[in-house]
Amino acid sequence: MSAIVIENSFVAAVDAAGTEYPAGHVVIEDGRITEVGPGPARHIEGAQRIDGTGCLATPGLVNTHHHLYQWATRGYATDHTLFEWLVDLYPVWGRLRPDHVAAANTAGLAWLALSGCTTAADHHYVYPGGQAAELVDVQVAAAARIGVRLQLARGSMDRGVSDGGLPPDRIVEDLDAALAATAEAVDRHHDPAPESMLRISVAPCSPFSVSTELLRESAALARDKGVRLHTHLCETVDEAEFCAEVHGCDPVEYMDRVGWIAGDAWLAHAVHLDDRARARLGAAGTGVAHCPSSNARLGTGLADVPGMLAAGIPVGLGVDGAASQEAGHLGEELRQAVYTARQHHGPHAMDARTALRLATIGGAQVLGRETEIGSLEPGKQGDVALWDLTGLGHAGIADPVTALVLGPAAPLRLLAVAGRAVVADGELRTADTETLAKDLAAASADLREAPDA
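Last residue of the sequence shown: 453 (UniProt numbering), numbering continuous.
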(Lines of atoms letter the chains of each structure in order from A and count residues from 1; the text may use other names and numbers.)
(Lines give C-alpha, C1' and ligand atoms only; values in the text may rest on other atoms or scores of the structure.)
Protein backbone atom coordinates (compact mmCIF):
# COMPACT_ATOMS: atom_id res chain seq x y z
CA MET A 1 0.00 0.00 0.00
CA SER A 2 1.53 3.32 -1.07
CA ALA A 3 1.76 6.20 1.36
CA ILE A 4 -0.74 9.07 1.16
CA VAL A 5 0.44 12.64 1.71
CA ILE A 6 -2.17 15.39 2.11
CA GLU A 7 -0.69 18.91 1.93
CA ASN A 8 -1.85 22.54 1.93
CA SER A 9 -5.13 21.79 3.69
CA PHE A 10 -6.59 23.17 6.87
CA VAL A 11 -6.04 20.36 9.39
CA ALA A 12 -8.33 19.85 12.39
CA ALA A 13 -6.66 17.09 14.38
CA VAL A 14 -9.44 16.87 17.02
CA ASP A 15 -6.84 15.77 19.55
CA ALA A 16 -6.91 16.61 23.25
CA ALA A 17 -5.25 19.99 22.62
CA GLY A 18 -7.61 20.92 19.78
CA THR A 19 -4.65 21.26 17.41
CA GLU A 20 -5.33 22.96 14.08
CA TYR A 21 -3.05 23.94 11.19
CA PRO A 22 -4.35 26.50 8.68
CA ALA A 23 -1.99 25.06 6.05
CA GLY A 24 -0.81 21.67 7.18
CA HIS A 25 -0.15 18.10 6.18
CA VAL A 26 -1.18 14.56 7.11
CA VAL A 27 0.87 11.50 6.17
CA ILE A 28 -0.48 7.93 6.14
CA GLU A 29 1.95 5.01 5.78
CA ASP A 30 1.17 1.30 6.05
CA GLY A 31 -2.37 2.07 7.13
CA ARG A 32 -1.42 4.39 10.02
CA ILE A 33 -0.98 8.11 10.46
CA THR A 34 2.73 8.84 10.78
CA GLU A 35 2.86 12.64 10.59
CA VAL A 36 0.54 15.58 11.24
CA GLY A 37 1.89 19.09 11.21
CA PRO A 38 2.18 22.56 9.69
CA GLY A 39 3.52 23.32 6.23
CA PRO A 40 4.58 20.77 3.62
CA ALA A 41 5.40 17.15 4.39
CA ARG A 42 8.78 15.53 3.84
CA HIS A 43 9.44 13.77 0.57
CA ILE A 44 8.31 10.13 0.58
CA GLU A 45 9.31 8.06 -2.42
CA GLY A 46 6.31 6.68 -4.32
CA ALA A 47 3.70 8.41 -2.14
CA GLN A 48 0.39 9.62 -3.51
CA ARG A 49 0.48 13.36 -2.92
CA ILE A 50 -2.82 15.22 -2.69
CA ASP A 51 -3.03 19.00 -2.87
CA GLY A 52 -5.57 19.92 -0.23
CA THR A 53 -5.77 23.62 -1.05
CA GLY A 54 -9.24 24.82 -0.08
CA CYS A 55 -9.96 21.61 1.81
CA LEU A 56 -10.38 20.61 5.44
CA ALA A 57 -8.74 17.43 6.77
CA THR A 58 -10.45 15.81 9.74
CA PRO A 59 -10.55 12.37 11.29
CA GLY A 60 -12.98 10.04 9.57
CA LEU A 61 -16.42 10.29 11.13
CA VAL A 62 -17.66 7.59 13.52
CA ASN A 63 -21.30 6.50 13.35
CA THR A 64 -22.28 5.06 16.72
CA HIS A 65 -25.81 3.80 15.94
CA HIS A 66 -27.51 2.48 12.83
CA HIS A 67 -29.84 -0.23 11.58
CA LEU A 68 -28.51 -0.76 8.08
CA TYR A 69 -31.14 -3.32 7.10
CA GLN A 70 -33.69 -0.51 7.30
CA TRP A 71 -32.34 1.00 4.10
CA ALA A 72 -34.70 -1.45 2.36
CA THR A 73 -37.74 -0.04 4.21
CA ARG A 74 -37.44 3.73 3.92
CA GLY A 75 -40.56 5.84 3.53
CA TYR A 76 -42.89 3.80 5.76
CA ALA A 77 -44.91 5.18 8.68
CA THR A 78 -43.76 8.74 8.12
CA ASP A 79 -46.13 10.40 10.62
CA HIS A 80 -46.04 7.91 13.49
CA THR A 81 -44.83 7.73 17.07
CA LEU A 82 -42.01 5.30 17.75
CA PHE A 83 -44.30 2.54 19.00
CA GLU A 84 -46.74 3.03 16.10
CA TRP A 85 -43.83 3.03 13.66
CA LEU A 86 -42.49 -0.23 15.10
CA VAL A 87 -45.88 -1.93 14.97
CA ASP A 88 -46.18 -1.00 11.28
CA LEU A 89 -42.66 -2.08 10.35
CA TYR A 90 -42.11 -5.27 12.37
CA PRO A 91 -44.22 -7.36 9.95
CA VAL A 92 -42.21 -6.05 6.99
CA TRP A 93 -38.92 -6.77 8.70
CA GLY A 94 -40.22 -10.24 9.45
CA ARG A 95 -39.91 -10.94 5.71
CA LEU A 96 -36.19 -10.13 5.56
CA ARG A 97 -33.93 -12.55 3.70
CA PRO A 98 -30.14 -12.49 3.39
CA ASP A 99 -30.34 -10.95 -0.11
CA HIS A 100 -32.46 -8.07 1.22
CA VAL A 101 -30.00 -7.42 4.04
CA ALA A 102 -27.00 -7.65 1.70
CA ALA A 103 -28.49 -5.01 -0.63
CA ALA A 104 -29.53 -2.74 2.23
CA ASN A 105 -26.28 -2.95 4.18
CA THR A 106 -24.08 -2.45 1.14
CA ALA A 107 -26.06 0.58 -0.02
CA GLY A 108 -26.23 2.02 3.48
CA LEU A 109 -22.51 1.66 4.10
CA ALA A 110 -21.72 3.16 0.70
CA TRP A 111 -23.84 6.19 1.53
CA LEU A 112 -22.21 6.49 4.94
CA ALA A 113 -18.78 6.46 3.29
CA LEU A 114 -19.87 9.20 0.90
CA SER A 115 -20.91 11.22 3.97
CA GLY A 116 -17.45 10.94 5.57
CA CYS A 117 -17.93 7.88 7.77
CA THR A 118 -14.98 5.51 8.28
CA THR A 119 -16.36 3.47 11.21
CA ALA A 120 -19.99 2.39 11.57
CA ALA A 121 -21.87 0.63 14.36
CA ASP A 122 -24.77 -1.41 13.01
CA HIS A 123 -27.42 -2.73 15.42
CA HIS A 124 -29.22 -5.65 13.75
CA TYR A 125 -31.85 -7.34 15.90
CA VAL A 126 -34.31 -9.00 13.47
CA TYR A 127 -33.46 -12.60 12.54
CA PRO A 128 -36.56 -14.24 11.05
CA GLY A 129 -36.75 -17.84 9.92
CA GLY A 130 -33.67 -19.27 11.56
CA GLN A 131 -31.30 -17.22 9.35
CA ALA A 132 -29.13 -15.85 12.15
CA ALA A 133 -25.70 -16.94 10.92
CA GLU A 134 -26.45 -16.11 7.27
CA LEU A 135 -27.66 -12.61 8.12
CA VAL A 136 -24.54 -11.90 10.17
CA ASP A 137 -22.36 -13.15 7.32
CA VAL A 138 -23.92 -10.82 4.73
CA GLN A 139 -23.50 -7.85 7.08
CA VAL A 140 -19.81 -8.67 7.49
CA ALA A 141 -19.39 -9.11 3.74
CA ALA A 142 -21.04 -5.77 2.98
CA ALA A 143 -18.60 -3.89 5.21
CA ALA A 144 -15.64 -5.67 3.66
CA ARG A 145 -16.90 -4.81 0.18
CA ILE A 146 -17.29 -1.09 0.89
CA GLY A 147 -14.14 -0.89 3.01
CA VAL A 148 -15.32 0.76 6.24
CA ARG A 149 -14.75 -0.43 9.79
CA LEU A 150 -17.78 -2.21 11.23
CA GLN A 151 -18.88 -2.49 14.85
CA LEU A 152 -21.59 -5.11 14.40
CA ALA A 153 -23.97 -5.00 17.35
CA ARG A 154 -25.58 -8.44 17.25
CA GLY A 155 -29.07 -7.66 18.47
CA SER A 156 -31.81 -9.89 19.80
CA MET A 157 -35.43 -9.85 20.94
CA ASP A 158 -37.14 -12.49 23.08
CA ARG A 159 -40.21 -10.58 24.32
CA GLY A 160 -42.98 -10.88 21.74
CA VAL A 161 -46.57 -9.72 21.87
CA SER A 162 -47.67 -12.73 23.91
CA ASP A 163 -45.19 -11.74 26.64
CA GLY A 164 -46.20 -8.07 26.69
CA GLY A 165 -43.67 -6.84 24.13
CA LEU A 166 -44.18 -5.08 20.79
CA PRO A 167 -42.66 -7.48 18.21
CA PRO A 168 -44.77 -10.25 16.67
CA ASP A 169 -43.94 -13.59 18.28
CA ARG A 170 -42.75 -15.04 14.97
CA ILE A 171 -39.76 -12.67 14.73
CA VAL A 172 -38.36 -13.07 18.26
CA GLU A 173 -35.81 -15.65 19.37
CA ASP A 174 -35.92 -17.64 22.56
CA LEU A 175 -33.41 -16.81 25.27
CA ASP A 176 -30.99 -19.68 24.71
CA ALA A 177 -31.05 -19.36 20.91
CA ALA A 178 -30.36 -15.62 21.08
CA LEU A 179 -27.42 -16.05 23.45
CA ALA A 180 -25.96 -18.95 21.48
CA ALA A 181 -26.19 -17.11 18.16
CA THR A 182 -24.64 -13.99 19.68
CA ALA A 183 -21.76 -15.99 21.15
CA GLU A 184 -21.23 -17.64 17.77
CA ALA A 185 -21.07 -14.25 16.04
CA VAL A 186 -18.42 -13.06 18.49
CA ASP A 187 -16.38 -16.25 18.18
CA ARG A 188 -16.46 -16.23 14.37
CA HIS A 189 -15.98 -12.56 13.62
CA HIS A 190 -14.71 -10.38 16.48
CA ASP A 191 -11.22 -8.97 15.96
CA PRO A 192 -9.84 -7.10 19.00
CA ALA A 193 -6.63 -5.91 17.27
CA PRO A 194 -5.98 -2.14 17.21
CA GLU A 195 -6.23 -2.13 13.40
CA SER A 196 -9.42 -4.21 13.44
CA MET A 197 -11.93 -3.68 10.65
CA LEU A 198 -14.58 -5.76 12.42
CA ARG A 199 -15.74 -5.95 16.00
CA ILE A 200 -18.83 -7.55 17.47
CA SER A 201 -20.93 -6.25 20.35
CA VAL A 202 -23.73 -7.88 22.34
CA ALA A 203 -26.89 -5.87 21.74
CA PRO A 204 -30.36 -6.96 22.90
CA CYS A 205 -32.79 -4.53 21.36
CA SER A 206 -34.60 -2.56 24.08
CA PRO A 207 -36.32 -2.90 27.47
CA PHE A 208 -39.73 -3.30 25.80
CA SER A 209 -38.68 -6.13 23.45
CA VAL A 210 -36.25 -8.04 25.69
CA SER A 211 -36.69 -10.01 28.90
CA THR A 212 -34.83 -9.20 32.08
CA GLU A 213 -33.10 -12.58 31.81
CA LEU A 214 -31.78 -11.79 28.33
CA LEU A 215 -30.42 -8.45 29.50
CA ARG A 216 -28.64 -10.04 32.47
CA GLU A 217 -27.28 -12.97 30.49
CA SER A 218 -26.18 -10.68 27.64
CA ALA A 219 -24.14 -8.57 30.05
CA ALA A 220 -22.49 -11.70 31.41
CA LEU A 221 -21.81 -12.98 27.89
CA ALA A 222 -20.24 -9.71 26.77
CA ARG A 223 -17.93 -9.59 29.76
CA ASP A 224 -16.97 -13.20 29.35
CA LYS A 225 -16.06 -12.53 25.71
CA GLY A 226 -14.45 -9.14 26.35
CA VAL A 227 -16.76 -7.22 24.02
CA ARG A 228 -19.03 -4.20 24.42
CA LEU A 229 -22.74 -3.91 25.14
CA HIS A 230 -25.31 -1.85 23.25
CA THR A 231 -29.06 -1.22 23.39
CA HIS A 232 -31.73 1.48 23.04
CA LEU A 233 -32.69 3.42 26.15
CA CYS A 234 -34.80 6.41 27.14
CA GLU A 235 -35.85 7.18 23.57
CA THR A 236 -39.48 8.04 24.40
CA VAL A 237 -41.78 8.88 27.28
CA ASP A 238 -43.69 5.68 26.41
CA GLU A 239 -40.60 3.65 27.28
CA ALA A 240 -40.30 5.33 30.67
CA GLU A 241 -43.96 4.60 31.36
CA PHE A 242 -43.46 0.97 30.27
CA CYS A 243 -40.52 0.53 32.67
CA ALA A 244 -42.42 2.15 35.52
CA GLU A 245 -45.42 -0.12 34.98
CA VAL A 246 -43.54 -3.38 34.35
CA HIS A 247 -40.38 -2.94 36.44
CA GLY A 248 -41.36 -0.32 38.99
CA CYS A 249 -38.52 2.08 38.18
CA ASP A 250 -37.15 4.35 35.48
CA PRO A 251 -35.17 2.88 32.53
CA VAL A 252 -31.70 3.83 33.81
CA GLU A 253 -32.38 2.35 37.25
CA TYR A 254 -33.71 -0.81 35.59
CA MET A 255 -30.63 -1.18 33.40
CA ASP A 256 -28.41 -0.56 36.41
CA ARG A 257 -30.12 -3.44 38.23
CA VAL A 258 -29.29 -5.83 35.38
CA GLY A 259 -25.63 -4.80 35.15
CA TRP A 260 -25.67 -2.51 32.13
CA ILE A 261 -24.69 0.88 33.51
CA ALA A 262 -20.94 0.52 33.09
CA GLY A 263 -18.05 1.75 30.99
CA ASP A 264 -18.29 -1.10 28.49
CA ALA A 265 -21.83 -0.21 27.37
CA TRP A 266 -23.34 2.45 25.15
CA LEU A 267 -26.98 3.45 24.79
CA ALA A 268 -28.82 4.77 21.76
CA HIS A 269 -30.77 8.04 22.16
CA ALA A 270 -31.01 8.79 25.92
CA VAL A 271 -33.49 11.55 25.14
CA HIS A 272 -35.37 11.42 28.43
CA LEU A 273 -32.80 11.58 31.23
CA ASP A 274 -33.18 13.49 34.46
CA ASP A 275 -30.24 14.89 36.43
CA ARG A 276 -29.94 11.75 38.52
CA ALA A 277 -29.83 9.50 35.47
CA ARG A 278 -27.22 11.69 33.76
CA ALA A 279 -25.07 11.65 36.88
CA ARG A 280 -25.29 7.85 37.08
CA LEU A 281 -24.31 7.38 33.43
CA GLY A 282 -21.47 9.87 33.75
CA ALA A 283 -20.09 8.24 36.89
CA ALA A 284 -20.13 4.83 35.19
CA GLY A 285 -18.72 6.08 31.88
CA THR A 286 -21.66 4.63 29.95
CA GLY A 287 -21.72 6.10 26.44
CA VAL A 288 -24.58 7.58 24.43
CA ALA A 289 -25.24 7.54 20.69
CA HIS A 290 -27.00 10.84 19.94
CA CYS A 291 -29.28 10.58 16.89
CA PRO A 292 -30.80 14.05 16.49
CA SER A 293 -32.38 13.67 13.05
CA SER A 294 -34.10 10.40 13.92
CA ASN A 295 -35.37 11.88 17.18
CA ALA A 296 -36.81 14.78 15.16
CA ARG A 297 -38.36 12.50 12.50
CA LEU A 298 -40.16 10.44 15.17
CA GLY A 299 -40.87 13.43 17.42
CA THR A 300 -39.37 11.69 20.44
CA GLY A 301 -37.87 14.82 22.01
CA LEU A 302 -34.65 16.82 22.27
CA ALA A 303 -31.72 14.98 23.85
CA ASP A 304 -29.81 17.24 26.26
CA VAL A 305 -26.30 16.62 24.97
CA PRO A 306 -24.75 19.65 26.72
CA GLY A 307 -26.14 18.26 29.96
CA MET A 308 -24.71 14.82 29.18
CA LEU A 309 -21.28 16.23 28.43
CA ALA A 310 -21.35 18.29 31.64
CA ALA A 311 -22.13 15.07 33.54
CA GLY A 312 -19.10 13.33 32.00
CA ILE A 313 -21.06 11.03 29.65
CA PRO A 314 -19.16 9.97 26.51
CA VAL A 315 -21.31 11.05 23.54
CA GLY A 316 -21.04 10.25 19.84
CA LEU A 317 -23.32 10.79 16.87
CA GLY A 318 -25.48 8.30 15.00
CA VAL A 319 -27.73 8.50 11.97
CA ASP A 320 -30.01 5.71 13.31
CA GLY A 321 -31.91 3.39 11.01
CA ALA A 322 -32.86 4.73 7.60
CA ALA A 323 -36.52 3.84 8.17
CA SER A 324 -36.64 6.54 10.86
CA GLN A 325 -34.24 8.96 9.17
CA GLU A 326 -34.30 8.52 5.44
CA ALA A 327 -31.35 10.81 4.66
CA GLY A 328 -28.84 8.66 6.56
CA HIS A 329 -26.06 11.22 6.04
CA LEU A 330 -23.62 11.31 8.95
CA GLY A 331 -22.02 14.60 7.92
CA GLU A 332 -25.35 16.37 8.25
CA GLU A 333 -25.80 15.10 11.81
CA LEU A 334 -23.11 17.55 12.96
CA ARG A 335 -25.32 20.49 12.04
CA GLN A 336 -28.39 18.81 13.49
CA ALA A 337 -26.55 18.19 16.76
CA VAL A 338 -25.74 21.90 17.04
CA TYR A 339 -29.33 22.88 16.29
CA THR A 340 -30.77 20.40 18.79
CA ALA A 341 -28.46 21.61 21.56
CA ARG A 342 -29.38 25.22 20.85
CA GLN A 343 -33.09 24.43 20.85
CA HIS A 344 -32.53 23.18 24.38
CA HIS A 345 -30.20 25.79 25.82
CA GLY A 346 -29.84 28.70 23.40
CA PRO A 347 -27.18 29.81 20.90
CA HIS A 348 -24.16 29.22 23.17
CA ALA A 349 -25.05 25.58 23.92
CA MET A 350 -22.83 23.98 21.28
CA ASP A 351 -20.31 25.28 18.75
CA ALA A 352 -19.08 23.74 15.51
CA ARG A 353 -15.93 22.26 16.99
CA THR A 354 -17.84 20.47 19.73
CA ALA A 355 -20.06 18.91 17.07
CA LEU A 356 -16.97 17.76 15.16
CA ARG A 357 -15.59 16.22 18.36
CA LEU A 358 -18.84 14.32 18.90
CA ALA A 359 -18.63 12.92 15.37
CA THR A 360 -15.00 11.83 15.67
CA ILE A 361 -13.16 11.27 18.95
CA GLY A 362 -16.47 11.29 20.86
CA GLY A 363 -17.76 8.43 18.75
CA ALA A 364 -14.47 6.59 19.08
CA GLN A 365 -14.71 6.87 22.87
CA VAL A 366 -18.29 5.55 22.83
CA LEU A 367 -17.10 2.49 20.89
CA GLY A 368 -14.05 2.01 23.10
CA ARG A 369 -11.62 2.84 20.28
CA GLU A 370 -10.33 6.28 21.27
CA THR A 371 -6.70 5.10 21.31
CA GLU A 372 -7.02 3.80 17.74
CA ILE A 373 -9.30 6.14 15.76
CA GLY A 374 -11.12 9.45 16.09
CA SER A 375 -8.26 11.97 15.86
CA LEU A 376 -5.38 12.79 13.53
CA GLU A 377 -2.36 11.76 15.57
CA PRO A 378 0.76 9.75 14.71
CA GLY A 379 0.24 6.07 15.51
CA LYS A 380 -3.50 6.11 15.01
CA GLN A 381 -5.26 4.34 12.17
CA GLY A 382 -5.16 6.04 8.79
CA ASP A 383 -8.83 7.07 8.74
CA VAL A 384 -8.97 10.56 7.24
CA ALA A 385 -11.67 12.67 5.60
CA LEU A 386 -10.58 15.47 3.25
CA TRP A 387 -13.55 17.77 2.68
CA ASP A 388 -13.65 19.96 -0.44
CA LEU A 389 -14.84 23.42 0.59
CA THR A 390 -14.02 25.19 -2.69
CA GLY A 391 -17.52 25.08 -4.18
CA LEU A 392 -20.44 27.47 -4.22
CA GLY A 393 -22.04 25.99 -1.10
CA HIS A 394 -19.11 26.95 1.13
CA ALA A 395 -17.70 30.00 -0.64
CA GLY A 396 -17.08 32.92 1.68
CA ILE A 397 -17.25 30.99 4.97
CA ALA A 398 -13.84 31.87 6.39
CA ASP A 399 -13.59 29.17 9.07
CA PRO A 400 -13.40 25.69 7.49
CA VAL A 401 -14.83 23.89 10.55
CA THR A 402 -17.83 26.21 10.58
CA ALA A 403 -18.22 25.66 6.84
CA LEU A 404 -18.26 21.88 7.31
CA VAL A 405 -20.65 21.83 10.26
CA LEU A 406 -23.10 24.64 9.47
CA GLY A 407 -22.81 24.73 5.69
CA PRO A 408 -24.36 22.25 3.24
CA ALA A 409 -23.06 18.69 3.01
CA ALA A 410 -19.48 18.94 1.76
CA PRO A 411 -18.12 16.65 -0.96
CA LEU A 412 -15.07 14.53 -0.22
CA ARG A 413 -11.82 14.98 -2.02
CA LEU A 414 -10.69 11.82 -0.21
CA LEU A 415 -11.94 9.37 2.39
CA ALA A 416 -9.22 6.99 3.53
CA VAL A 417 -9.82 3.99 5.78
CA ALA A 418 -6.63 2.35 7.03
CA GLY A 419 -4.84 4.26 4.30
CA ARG A 420 -7.07 2.91 1.52
CA ALA A 421 -9.01 5.35 -0.63
CA VAL A 422 -12.69 4.45 -0.27
CA VAL A 423 -13.93 7.76 -1.73
CA ALA A 424 -11.92 9.95 -4.07
CA ASP A 425 -13.03 13.14 -5.83
CA GLY A 426 -16.56 12.65 -4.56
CA GLU A 427 -16.95 9.13 -5.97
CA LEU A 428 -17.09 5.78 -4.20
CA ARG A 429 -14.10 3.72 -5.37
CA THR A 430 -14.99 0.33 -3.89
CA ALA A 431 -18.35 -0.39 -5.56
CA ASP A 432 -20.56 0.91 -8.37
CA THR A 433 -23.26 3.13 -6.87
CA GLU A 434 -25.67 2.64 -9.78
CA THR A 435 -25.59 -1.12 -9.22
CA LEU A 436 -26.05 -0.64 -5.48
CA ALA A 437 -29.07 1.59 -6.09
CA LYS A 438 -30.68 -0.96 -8.43
CA ASP A 439 -30.11 -3.79 -5.96
CA LEU A 440 -31.57 -1.73 -3.12
CA ALA A 441 -34.62 -0.73 -5.17
CA ALA A 442 -35.26 -4.38 -6.03
CA ALA A 443 -34.98 -5.47 -2.39
CA SER A 444 -37.28 -2.65 -1.26
CA ALA A 445 -39.89 -3.54 -3.88
CA ASP A 446 -39.76 -7.20 -2.96
CA LEU A 447 -40.32 -6.46 0.73
CA ARG A 448 -43.15 -4.07 -0.01
CA GLU A 449 -44.97 -6.48 -2.29
CA ALA A 450 -44.38 -9.76 -0.48
CA PRO A 451 -47.27 -11.14 1.62
CA ASP A 452 -46.83 -11.57 5.35
CA ALA A 453 -45.63 -15.01 6.33
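For each residue, glycine too, the CB sits at the ideal point set by N, CA and C.
These numbers come from a predicted model, not from an experiment.
In its own chain, which residues sit with a C-beta less than 7 angstroms from the C-beta of residue i, not counting the 5 before and 5 after it?
{"i": "residue 462", "result": "A question about residue 462 goes unanswered here, because the residues of the chain that appear run from 1 up to 453."}
{"i": "residue 75", "result": "326"}
{"i": "residue 158", "result": "172, 173, 174, 175, 178, 210, 211 and 214"}
{"i": "residue 282", "result": "311, 312 and 313"}
Consult DSSP for residue i and reduce its assignment to one of helix, strand or coil.
{"i": "residue 13", "result": "coil"}
{"i": "residue 260", "result": "coil"}
{"i": "residue 247", "result": "helix"}
{"i": "residue 130", "result": "helix"}
{"i": "residue 237", "result": "helix"}
{"i": "residue 273", "result": "coil"}
What are the boundary residues of the beta strand (DSSP E) that includes residue i?
{"i": "residue 118", "result": "117-124"}
{"i": "residue 290", "result": "287-290"}
{"i": "residue 181", "result": "Element bounds for residue 181: not the beta strand (DSSP E) but the alpha helix (DSSP H), 175-189."}
{"i": "residue 266", "result": "265-269"}
{"i": "residue 35", "result": "32-38"}
{"i": "residue 28", "result": "20-29"}
{"i": "residue 153", "result": "149-156"}
Could you tell me the distance, in whole angstroms, from the CA atom of residue i to the CA atom of residue j?
{"i": "residue 213", "j": "residue 156", "result": "12 angstroms"}
{"i": "residue 433", "j": "residue 279", "result": "45 angstroms"}
{"i": "residue 115", "j": "residue 386", "result": "11 angstroms"}
{"i": "residue 1", "j": "residue 342", "result": "44 angstroms"}
{"i": "residue 99", "j": "residue 445", "result": "13 angstroms"}
{"i": "residue 441", "j": "residue 107", "result": "10 angstroms"}
{"i": "residue 145", "j": "residue 236", "result": "36 angstroms"}
{"i": "residue 234", "j": "residue 84", "result": "17 angstroms"}
{"i": "residue 404", "j": "residue 389", "result": "8 angstroms"}
{"i": "residue 287", "j": "residue 426", "result": "32 angstroms"}
{"i": "residue 73", "j": "residue 101", "result": "11 angstroms"}
{"i": "residue 77", "j": "residue 30", "result": "46 angstroms"}
{"i": "residue 125", "j": "residue 201", "result": "12 angstroms"}
{"i": "residue 409", "j": "residue 160", "result": "40 angstroms"}
{"i": "residue 365", "j": "residue 253", "result": "23 angstroms"}
{"i": "residue 346", "j": "residue 362", "result": "22 angstroms"}
{"i": "residue 367", "j": "residue 356", "result": "16 angstroms"}
{"i": "residue 247", "j": "residue 289", "result": "24 angstroms"}
{"i": "residue 331", "j": "residue 406", "result": "10 angstroms"}
{"i": "residue 182", "j": "residue 428", "result": "32 angstroms"}
Near residue i, what residues of its chain come up, given a Cβ to Cβ distance below 6 angstroms and the 5 sequence neighbours on each side ignored?
{"i": "residue 20", "result": "12"}
{"i": "residue 34", "result": "27 and 378"}
{"i": "residue 3", "result": "29, 44 and 47"}
The alpha helix (DSSP H) spanning residue i covers which residue range?
{"i": "residue 99", "result": "98-114"}
{"i": "residue 161", "result": "No alpha helix (DSSP H) holds residue 161; DSSP gives it neither H nor E."}
{"i": "residue 433", "result": "433-449"}
{"i": "residue 204", "result": "Not the alpha helix (DSSP H): residue 204 falls in the beta strand (DSSP E), residues 198-204."}
{"i": "residue 84", "result": "82-93"}
{"i": "residue 215", "result": "212-225"}
Under the criterion of a Cβ to heavy atom distance below 8 angstroms, does residue i qualify as lining the ligand COA?
{"i": "residue 203", "result": "This structure lacks the ligand COA, and indeed carries no ligand of any kind."}
Secondary structure, alpha helix (DSSP H): runs of 4+ residues fully inside the stretch 357-423: 363-366 and 400-406
Beta strand (DSSP E) runs wholly inside the stretch 278-348, at least 3 long, in chain order: 287-290 and 315-317
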